[in-house]
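Engineer: Encoded as structure tokens, here's the structure I'll be asking about.
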Amino acid sequence: GKKTDDYAMNWTKSDESVNWPVRLDQPAKYEILINYNSSKKSAGGQFEVRFGSQTLAGTMAENEGDSLSLGRIALAPGAFEIKVVSREIKGEELFRLRSLILRPLPDMSSSIKPK
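To convert a position in the sequence shown, counted from 1, into the working numbering, add 1110.
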């Protein structure tokens, strides 16, 4: 699609979701950012991003494509699904999801050296 139209749209039902199958070969830590467009009418709506059995939650604010941090997560090796789901839709739609960004965090334990 076009750069200005690259999002999941018409998210109007609570049973809708966006899913990605994932497999990690080793443990990893990430800062999780979400990028979406939403209107003032959607403010207060709620969503979750699930990483297998772990969940990060967010509340909608009016946004025009800025990436917003949801927090950090540590993931174990193996196969699981990343799933974005709605908890509460306000306004005409939840949001227009552009992307979910997993920004790798450094492993601080490997950089500590004993004296």
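The beta carbon of each residue, even a glycine, is placed where N, CA and C say it ideally should be.
Keep in mind that this is a model prediction, so the values were computed, not measured.
Give me the DSSP bridge partner(s) of residue 1178.
Structural biologist: On the sequence shown, residue 1178 is found 68 positions in, with the first residue counted as 1. 1144.
Engineer: Could you compute how far the alpha carbon of residue 1137 sits from the alpha carbon of residue 1208?
Structural biologist: Stepping through the sequence shown from its first residue, residue 1137 is reached at position 27. Stepping through the sequence shown from its first residue, residue 1208 is reached at position 98. Using only the alpha carbons, I get a separation of about 26 angstroms.
Engineer: Which class does residue 1139 belong to by DSSP, given the choice of helix, strand or coil?
Structural biologist: On the sequence shown, position 29 is the one that residue 1139 refers to. Three-state DSSP puts residue 1139 in a strand.
Engineer: Can you name the start and end residues of the beta strand (DSSP E) that residue 1193 belongs to?
Structural biologist: Your numbering for residue 1193 matches position 83 in the sequence shown. 1188-1198 is the extent of the beta strand (DSSP E) around residue 1193.
Engineer: If residue 1238 sits next to residue 1181, beta carbons under 8 angstroms apart, how far is it from one beta carbon to the other, in whole angstroms?
Structural biologist: In the structure as shown, the chain starts at 1111 and stops at 1225, and residue 1238 therefore has no counterpart that could be examined.
Engineer: For residue 1217, which residues of its own chain have a beta-carbon under 6 angstroms away from its beta-carbon, when the five flanking residues on both sides are left out?
Structural biologist: Walking along the sequence shown from the start, residue 1217 turns up at place 107. Excluding residues within five positions, none has a Cβ falling inside 6 angstroms.
Engineer: With a Cβ-Cβ cutoff of 7 angstroms, do residue 1140 and residue 1205 count as a contact?
Structural biologist: By one-based count along the sequence shown, residue 1140 stands at place 30. By one-based count along the sequence shown, residue 1205 stands at place 95. Not a contact, by the Cβ cut-off of 7 angstroms.
Engineer: Looking only at its chain, what residues have a beta carbon closer than 6 angstroms to the beta carbon of residue 1160, apart from the 5 residues adjacent to it on each side?
Structural biologist: By one-based count along the sequence shown, residue 1160 stands at place 50. Correct list, in chain order: 1193.
Engineer: So what does DSSP say about residue 1124, is it helix, strand or coil?
Structural biologist: The residue given as residue 1124 occupies position 14 in the sequence shown. Residue 1124 falls in the coil class under three-state DSSP.
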